[in-house]
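Chemist: Add 52 to a position in the first sequence, counting from 1, and you land on the number used in the numbering used here. Note that CB positions come from ideal geometry on N, CA and C, so glycine has one too. This one's a predicted model, so the numbers in the text were calculated from it and none came from an experiment. I'd like to ask you about the structure that follows.
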Amino acid sequence: MQHQFKFSKNERLSSKKTIDKLFTDGKALFAFPFRIIVLPSQTETSAPVQVLFSVPKKNFKRAVHRNLIKRRMREAYRLNKNSFTSNFSTSDTSIAIMFIYIEKEIKDYASIEKGMKKALSKIGQLLATTK
RNA sequence: AAAGCAGGCCGUUCUGUCGCUGUGGCCUUGUGCCACAGAGGAAAGUCCGGGCAACAUAGGGCAUCCCGCUCAUGAAAGGUGAGGUAUCCGUGAGGGUAUGGUAGCAGAGAAGAGAAUGACUGCCCGCCUUUGCCGAGGCUUCGGUGGGUUAAACCCGCCUUCUCCAAGGCUUUGGCGGGUAAAGGUGAGAAGGUGGGGUAAGGGCCCACCAGUUCUGGUGGCAACACCAGGAGCUGUCUGCCCCGGGAGUUGCAAGACCAAAUAUAUCCUGAGAGCUUCGGCAUACGGCUGCUCGCUGUAUUUUUCCGGCUUGCCCGGAAUGCUCAGGAGGGGUAGGUUGCGAAGAUAAAUGACAGAAAACGGCCAUAGUCAUUGACUACGGCCGUUACAGAACCCGGCUUACAGGCCUGCUUUUUUU
RNA sequence: GGUACCUUGGCCGAGUGGCUAGGCAGCGGUCUGCAAAACCGCGUACGGCGGUUCGAAUCCGCCAGGUACCU
Numbered sequence: 053m054q055h056q057f058k059f060s061k062n063e064r065l066s067s068k069k070t071i072d073k074l075f076t077d078g079k080a081l082f083a084f085p086f087r088i089i090v091l092p093s094q095t096e097t098s099a100p101v102q103v104l105f106s107v108p109k110k111n112f113k114r115a116v117h118r119n120l121i122k123r124r125m126r127e128a129y130r131l132n133k134n135s136f137t138s139n140f141s142t143s144d145t146s147i148a149i150m151f152i153y154i155e156k157e158i159k160d161y162a163s164i165e166k167g168m169k170k171a172l173s174k175i176g177q178l179l180a181t182t183k
């Protein structure tokens, strides 16, 4: 497939309701430099896995820096998600994932990508055990 | 050339791989393909003003708050441009700040005599008192001398000396009464400044010149205002009240508009219900006692009006109304969604990520050249570093703040050359 | 995104233009066999930069940091 690196809008988590639910009921884990919150649910959504990236305003005052980190996180997810999402594309359950950037400094793309690979493998393990 | 001042402008470029958002088109309706568009001078801070929106609102006055030189511009603005005056900074080009009026009232810590019908020191006058000196004149004494007269004595006069008295003058101690604003030293600020006259001493008290204020006239300017001439002795600083002119309804796109799940419910429609009785009880519903059943026991079991059946009461039937239950319709409205919203435009928020070149600037090193003082400048090359500040969220007009580096125009100062 | 406010010593907190109160904490002393309490004394502050003013914590402007509210 040619279009496996796409990351369009319906793969993003934008519903305010599910975000609130994610904060209250989601399972949290930690993979440097991210804090991750995962919530599997039964409701029908347009994509099997919905993701959202967040950088807290408290650590980065300037909107430019927050945008830069979010873009790098999104890029890292986009290029490494295929091995992860292919496991869940067949099942009818959907998964909501939130990545929160914890580090106080701006990391370059290589270290963010490394952390993203580690985070995705950790999430895979967690979901396998809960099933 | 160097250092600056003012104004304006730009604020990286190219290639490759993989992507994002919106709109339009195409069909093979697929998380498809193609085309086009997609951050700034500050998008920032949210300091002003407006549009837009909702609510409020007869008209007028008072209070409160904001603004305040002139002209132009602008929808308006604590806006912009040009100009005026004062003051401060800079050698200068220039830059900063202030700037409606002042008739009246009030205030100004500490310091200082005093912050405005002033008097501490000082100066001057009058009276009283006190110290010292001078002293017209008078009395007495010594000596000299002239005259009456030749000598002595005596008398008269002059000069000198001594004692005492003394009008008065100068000086001085203290007190009382008055004049004074020149001197003191404080202060941000002390009754315009300098010189002369005048005066007991002084003072715009008078005069000359100068600074300011204000009035009149003239010239220039749209005006603020400037300049010139003449007049008026009119002359402290700051603040508040006050006066004059102009302006201000409140809240903000999380405003507002539309659709609207679940649950509860106003309202409407349809249907059903309100027990039996011999009045002792039975039945039903909800509780209590007991581990449970049985049993015992408590509470509740239906409103009102009208019509007809004999007037009334009981009872029966019908209608309306209220209550309860079931079904249906349904308003407001919550979650949520859509819109408001744009030829950039979302809703955890797009406009990019990575890699490689180029360009600009800076630093270091090496080579060459020029001036030659160990150093400076220029050219080419190598290595390293930097490429800022910062990301639209309803939209405009400003202000302010942040900003690597570069370009253009005008001007200033200093040095050098022609 | 919008709106309203705050910043005074180690901490809390008063201060409407004229020497920055007070309390708690800290340090030293007195008292005590020692400590506590009490008493006496001491040190340390106006978020930063400009402006107005003779004079600014206070008035004005900009910046920094922080808090609350509007879904």
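When the Cα of Asn62 is compared with those of Lys122, Phe151, Leu172, Ser146, which residue comes out closest?
Modeler: Taking the first residue of the first sequence as position 1, residue 62 is located at position 10. Minimum Cα distance to Asn62 is reached at Ser146.
Chemist: If you check the beta carbons only, do Asn111 and Lys156 fall under 8 Å apart?
Modeler: As a first step, residue 111 is located in the first sequence; it is residue number 59 there, counting from the start. As a first step, residue 156 is located in the first sequence; it is residue number 104 there, counting from the start. Contact: yes.
Chemist: Answer yes if the stretch 111 to 128 comes into contact with the stretch 74 to 84, meaning at least three C-beta pairs across the two stretches below 8 Å, and no otherwise.
Modeler: The stretch 74 to 84, when compared against the stretch 111 to 128, does not touch it at the 8 Å Cβ threshold.
Chemist: Identify whether Gln54 lies in helix, strand or coil by the three-state DSSP scheme.
Modeler: In the first sequence, residue 54 corresponds to position 2, counting from 1. Residue confidence is low: Gln54 scores 37 on pLDDT, short of 50, so the model does not pin down where it sits. No coordinate-derived value is stated.
Chemist: Would you call the CB atoms of Phe136 and Gly176 closer than 8 Å?
Modeler: In the first sequence, residue 136 corresponds to position 84, counting from 1. In the first sequence, residue 176 corresponds to position 124, counting from 1. Against a cut-off of 8 Å, the Cβ pair of Gly176 and Phe136 comes out as a contact.
Chemist: Output needed for Ile89: all residues of its chain with C-beta closer than 6 Å, excluding positions within five of it in sequence on either side, in chain order.
Modeler: Here residue 89 refers to the residue found at position 37 when the first sequence is read from its first residue. Leu74, Gly78, Ala80, Met150, listed in sequence order.
Chemist: When you compare each of Leu120, Ile164, Asp72, Asn119 to Asn132 by their alpha carbons, which one comes out closest?
Modeler: Against the first sequence, residue 132 aligns to sequence position 80. Checking every option, the nearest Cα to that of Asn132 belongs to Ile164.
Chemist: Report yes if the C-beta distance between Ala162 and Gln102 is below 8 Å; otherwise report no.
Modeler: On the first sequence, residue 162 is found 110 positions in, with the first residue counted as 1. On the first sequence, residue 102 is found 50 positions in, with the first residue counted as 1. No, the pair does not count as a contact, with Cβ atoms beyond the cut-off.
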